[in-house]
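Trainee: In case it helps, our numbering puts the sequence shown at residues 5 to 195.
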Amino acid sequence: PTRVVLTEKEYRALLRVSTEVGWQFRTALVLAHETGHRIGAIRQLRWSDIDFVGKAVRWRAKHEKTGYEHTTPVTAEALAALEEARALSAGSGDGPVLPAPRDPSQCAGRTLVGYWWRKAQTLAGLEPKRGRGWHSLRRKFASDLMNVPLKVLCDLGGWKEAQTILRCYQQADEVQLRTALDSRRREVEAR
Numbered sequence: 005p006t007r008v009v010l011t012e013k014e015y016r017a018l019l020r021v022s023t024e025v026g027w028q029f030r031t032a033l034v035l036a037h038e039t040g041h042r043i044g045a046i047r048q049l050r051w052s053d054i055d056f057v058g059k060a061v062r063w064r065a066k067h068e069k070t071g072y073e074h075t076t077p078v079t080a081e082a083l084a085a086l087e088e089a090r091a092l093s094a095g096s097g098d099g100p101v102l103p104a105p106r107d108p109s110q111c112a113g114r115t116l117v118g119y120w121w122r123k124a125q126t127l128a129g130l131e132p133k134r135g136r137g138w139h140s141l142r143r144k145f146a147s148d149l150m151n152v153p154l155k156v157l158c159d160l161g162g163w164k165e166a167q168t169i170l171r172c173y174q175q176a177d178e179v180q181l182r183t184a185l186d187s188r189r190r191e192v193e194a195r
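1) Could you compute how far the alpha carbon of T39 sits from the alpha carbon of R47?
2) Evaluate contact between the region 41–56 and the region 97–107, counting only Cβ atoms and requiring at least three cross-stretch pairs below 8 Å.
3) List the DSSP bridge partners of I54.
4) Out of D148, R122, N151, state which residue places its alpha-carbon closest to the alpha-carbon of V24.
5) By the DSSP assignment, the beta strand (DSSP E) with H37 in it spans what residues?
6) Candidates L19, V34, H74: which alpha carbon is nearest K164's?
7) Note down the Cα distance separating L10 from R190, rounded to an integer number of angstroms.
8) Could you spell out the range, first to last residue, of the beta strand (DSSP E) harbouring T75?
9) Just tell me which of R7, W27, V8, L33 has its CA closest to the CA of R16.
10) Could you spell out where the alpha helix (DSSP H) holding Y119 opens and where it closes?
11) Would you call E131 buried or exposed, if buried means 16 or more other Cβ atoms sit within 10 Å of its Cβ?
12) Can you check which of these residues, H139, T115, D177, R188, is closest to H41 by C-alpha distance?
13) Are there three or more Cβ pairs, one per stretch, closer than 8 Å when the region 173–189 is compared with the region 143–157?
14) Can you pull the DSSP bridge partners for C111?
15) So which of Q110, A36, W27, V61 has the shortest CA-CA distance to A91?
16) Tell me the DSSP secondary structure of R136 in three-state form.
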């Protein structure tokens, strides 16, 4: 199967138009980019899962494909997006971080977040591309952190098996490949 990795340029284009789609899309986009988690888990986040003081997110087992409950630290960008979302939604307690428009007590649905993605893609002037969607951000996260120990990456992104990352998520780009070759050449010449 084709496993598309969202490029940094594509992410920036989506981020630029994100507020035109809505604050919920912007929040979801930043969280997907900054945490590497599946959109299904992000959609199900509740305010009680967010630790603003400890700068961490709890990922509930029942919303993780692997059934793996864990807590991860979050970046300043993710925290800022969450703080903005909390202010815009008056979110608190066990309310959803990404509330459904028709029933704010419920989390945004899968169809809705897919619609947000397609709308943002159009607004950003990105041609539709098979495989470029929410999961391409998860692949970007894994590929961006290729030089991080696999155990750390597994813990950050919620993967139970390192093999899954190697088989399905990480993809070296040309810069990484050339850097590796240049590094090898320097090591050989130093001998």
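We put the beta carbon where it would ideally sit given N, CA and C, even for glycine.
Given the structure is predicted, the values throughout are model-derived calculations rather than measurements.
Mentor: In terms of the structure at hand:
1) Those two C-alpha atoms are separated by around 13 Å.
2) Taking 8 Å as the limit for Cβ pairs, the verdict is that the region 97–107 does touch the region 41–56.
3) In the DSSP output, where bridge partners are listed per residue, I54 has V61.
4) At residue 24 the sequence reads Glu, which differs from the Val that was named. Per the Cα distances, R122.
5) Not the beta strand (DSSP E): H37 falls in the alpha helix (DSSP H), residues 27–39.
6) Taking only the C-alpha atoms, the option nearest K164 is H74.
7) Between L10 and R190, the alpha-carbon positions lie close to 31 Å from each other.
8) Note, T75: beta strand (DSSP E), 74–77.
9) For R16, the nearest C-alpha among the options comes from L33.
10) Segment 114–127, the alpha helix (DSSP H) holding Y119.
11) In the assembly as shown, E131 is an exposed residue. Its beta-carbon has fewer than 16 other beta-carbons within 10 Å.
12) For H41, the closest alpha carbon among the candidates H139, T115, D177, R188 is that of H139.
13) Because the criterion of three Cβ pairs below 8 Å is met, the region 173–189 and the region 143–157 touch.
14) According to DSSP, C111 bridges with P103.
15) Its Cα nearest to that of A91, the residue W27 stands out among Q110, A36, W27, V61.
16) Of the three classes helix, strand and coil, the one that applies to R136 here is coil, per DSSP.
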